[in-house]
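In what follows, a single structure is set out as structure tokens and then discussed.
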Amino acid sequence: MKSPVLTIARQELLIARTNRLALLISGIFLGMVSVSGFISWDSHHTVNSVFAEALRHGVTSGPNPFASQQPLDLVSNTVIYIVLIGALSAILLGVQSAISDRKAGVIDLLFSRPLSVTQYVNGKFLGMQYLLVLILLTAGLLSWGSVLFIRGEMISLGNTAALAVFYLLAWLFLMPFNILGFVFGAVSRHETSALLGPILLWVALVFVIPQLGTDAHPVSLLNPVPAQAASTGAFFAFNHRILQPLSLTDRFKNASSKLLGLNNSSQGIAAYDWLSLAMAAAGMMAALLLVKRSRIRGPIRE
Amino acid sequence: MSKAVGAIFLKELNDLLRRRSFMLLCAAMAAVVALALLITSLDYHKQLSDYQQYAQALAQSGAAAPAAPPQLSPLQQLRGGIEYIEIIGPVLAIVAGYGSAAKEKYRGTLRLFFSRPIGALDLAAGKLAALGVLWLIIVLVLFLVMTATMHFIGGAAFSAAAIAKLTLSLAGAWAYLAFWSGLALGLTCFVRQPGSALLICFIIWLTVVLLLPQIGDTMDPDNQVPGGLFQSMHVDKSNEHAIMAHFSGYETTRNALEETSISKHFERASFAFLGVKQIYNQQPVGFIWSETWKDSASLLAALLASTAFAMTQCNKRNLIGRRMK
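Those protein sequences? They're chains A and B, same order as listed.
With the numbering used here applied, the first sequence corresponds to residues 648 to 949, in that order.
With the numbering used here applied, the second sequence corresponds to residues 323 to 647, in that order.
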């Protein structure tokens, strides 16, 4: 006999294949991952030329800031695309997953069968994670391929492993956003609030929380480099310390920088950042269990 | 304004202002803008206090007086607030524009509505006028929030010229927000399924507000090194310009990419009026306008295009001629 969880998960994959908007945003994400290597290469190439020009003009005598550039520096822009497009795709995937059954009126039919809310939610979760992993796996292969193509030399085993772990980290980072979208989609009475709620929370996590501890301007937070604590003031130092675990995007940027050896840092694992992201994923999984049958079966309006 | 447009306008404005969840979101945006200004003020006061301590220590040791203290330019301090309007504002504008058309589609009131003798453009004109007035009210509230925060917490005084520049900057914000509402209204009427229109709007927002400017910023050589490339090489501004003159093709491509984003035009015009970009700081309005009028004109052109799009899409054929799936 088939497990109801696997049936729901399989159905989730079938629905996703026909969801043109989910496919579009996933396509944008994969497209940006493909070109990010070329954008990085082009800008790095320009920086080297600018440095050479500065030397020729005799206006600098310092070392080239990009002299010790790591091969995986070419992936640096992917970090921000995961924070921007990846997280929003994960949210939309979650919201769509929850509201599609409610809008189509299938949810009542489903629960007329011997199916518990936990089984339904687990099936949905499994299906969504399968999709996320599939997208990230494709993105990983595209990143690896673009680094190989641009550098024209084989990527070392160590760097390949670092890239693989980076995409594992990306999955850990995207999972809470995906679940957040699902939870909002499952409990909201209106389609607008189902979409708007998680997007606004994402805005708070990407812009507001990091700004409170760093004094960084919102637009500068679109940079792959993690925001640093403001150099002055007890207010910022206190906020930075308190809000650090909640600043998921900074935790992801920081762990990615360390993994990929960006900004001339030595490669390694940032345990604190991994722990923060894992706790956020665990917290959201717990929130998933709180979804009530009465809410999930409720009608959804504009 | 015809009688029908007037009636639609009033009904629409009333609906928008009575939508509690939307008003709550606008209040949240105002709070975030105020928070950004508070943070900037705190940072400035900390810098000033550090400077005073340093000056006092120098005076006690009998050394020469230090350079002038950090200057508070109230308009420059508004940068964070403007950036929040640039990023979060379109999300709210999309929700307002979408909601304006989606409610009609879902409530099924359109057949009754179009059975009345109204002109082909009356519905769109009434809705767009209401959205325009809504954003005018919200921009006025933001103006008060910004000036009050800077005055009472930042301790800054605004001159008449500064008020005029802030007004021009917020006029740009109004055009920017009205553009997004018009686009969302038009798309919601155009697309058969309103939910899909909302998603498409968010994808456009992601591309135009976040992605295109980010690519442009990433390609900026000065943004490649933490703290700035030229600063890390100890290269001053005049030499920076001389060096970058050799990369004019690259800079033109980068600029063209940025200019495809309406957000960047809003940002450039606002930052020029607020003096965030140093070359415009303390300059007269006429000078700033002559240098940046293209950004304001692009903003206006985008607003007119989105208004025209909404006017052509918000009609009987789209709203009741095509059934929702």
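Where a beta carbon is used, it is the ideal one built from N, C-alpha and C, also for glycine.
No experiment lies behind these values; they were computed from the predicted model shown.
- In the DSSP annotation of this structure, the continuous segment of the alpha helix (DSSP H) that includes Met633 of chain B starts and ends at Val607 to Gln635.
- The DSSP-derived three-state label of Arg749 of chain A is helix.
- Contact between the region 717-727 of chain A and the region 798-813 of chain A is present, with at least three C-beta pairs closer than 8 Å.
- The beta carbon of Arg590 of chain B lies closer than 7 Å to those of Thr614 and Asp617 in the same chain, with the five residues before and after it left out.
- Around Ala329 of chain B, no beta-carbon contact reaches into chain A at under 9 Å, the shortest distance being about 22 Å.
- Scanning chain A for C-beta atoms nearer than 7 Å to the C-beta of Ser363 of chain B yields nothing, as the closest lies near 11 Å away.
- Selection B:Leu400, B:Ser422, B:Asn577 and B:Leu492 evaluated against Asp337 of chain B yields B:Ser422 as nearest (Cα-Cα).
- Proximity of the region 695-712 of chain A to the region 545-559 of chain B meets the contact definition, three or more beta-carbon pairs being nearer than 8 Å.
- For Lys638 of chain B, same chain residues with a beta-carbon under 6 Å away, outside a window of 5 residues either side, are Phe436 in chain order.
- Around the beta-carbon of Met351 of chain B, 16 or more other beta-carbon atoms lie within 10 Å, marking it buried.
- By the C-beta criterion, the region 770-788 of chain A is judged to be in contact with the region 818-828 of chain A, since at least 3 inter-stretch pairs fall below 8 Å.
- At a cut-off of 8 Å between beta-carbon atoms, Ala701 of chain A makes contact with chain B.
- Contact check between the region 495-507 of chain B and the region 397-414 of chain B: three or more CB pairs, one atom from each, fall below 8 Å, which counts as touching.
- Chain-order list of chain A residues neighbouring Ser554 of chain B: Gly709 and Pro712, by C-beta distance under 8 Å.
- Assignment of His837 of chain A by DSSP, reduced to helix, strand and coil, places it in the strand class.
- In the three-state reduction of the DSSP assignment, Arg948 of chain A falls in the strand class, which pools E and B.
- Following the DSSP letters along the chain, one finds Arg942 of chain A inside the alpha helix (DSSP H) bounded by residues Arg940 to Ile943.
- Ala786 of chain A and Ile459 of chain B have their C-alpha atoms spaced approximately 44 Å apart.
- Gly752 of chain A is not a Cβ neighbour of Gly828 of chain A, given a cutoff of 8 Å.
- With a cutoff of 8 Å on beta-carbon distance, Val764 of chain A and Arg940 of chain A are scored as near each other.
- Contact residues of the region 403-431 of chain B toward chain A are Glu405, Tyr406, Glu408, Ile409, Ile410, Val413, Val417, Tyr420, Gly421, Ala424, Lys425, Lys427 and Tyr428 (C-beta to C-beta distance below 8 Å).
- Here DSSP, grouped into helix, strand and coil, assigns Lys333 of chain B to helix.
- For Ile846 of chain A, the C-beta contacts it makes with chain B under 8 Å involve Val413 and Phe524, in order along the chain.
- Excluding its 5 nearest sequence neighbours in each direction, Tyr406 of chain B has C-beta neighbours in its own chain below 8 Å: Met351, Val354, Val355 and Ala358, listed in chain order.
- Taken atom to atom, the span from the alpha-carbon of Ser673 of chain A to that of Ile729 of chain A is near 11 Å.
- Cβ contact annotation for Thr529 of chain B (same chain, cutoff 7 Å, sequence separation greater than five): none.
- Counted as a single uninterrupted DSSP element, the stretch harbouring Ser708 of chain A is not any alpha helix (DSSP H), since DSSP gives it neither H nor E.
- Listed along the chain, the chain A residues whose CB falls inside 9 Å of the CB of Leu462 of chain B amount to none; the nearest CB is some 22 Å away.
- By the Cβ criterion, the region 531-545 of chain B is in contact with the region 690-699 of chain A, since at least three pairs of Cβ atoms, one from each stretch, lie closer than 8 Å.
- Following the DSSP letters along the chain, one finds Ser904 of chain A inside the alpha helix (DSSP H) bounded by residues Leu895 to Leu907.
- Rounded to whole angstroms, the separation of the alpha carbons of Ala479 of chain B and Ala884 of chain A is 28 Å.
- Identification of chain A residues near Asn545 of chain B by a Cβ-Cβ cut-off of 8 Å yields Asn870, ordered along the chain.
- Taken in chain order, the complete alpha helix (DSSP H) segments of 4 residues or longer contained in the region 722-749 of chain A are 723-728.
- The contact set of Gly517 of chain B on chain A, defined by CB atoms closer than 7 Å, consists of Glu838 in chain order.
- When C-beta distances to chain B are compared with 8 Å, the residues of the region 648-674 of chain A below that value are Leu668, Leu671 and Ile672, in chain order.
- Under the DSSP assignment, Asn769 of chain A falls in the alpha helix (DSSP H) whose first and last residues are Val764 to Arg798.
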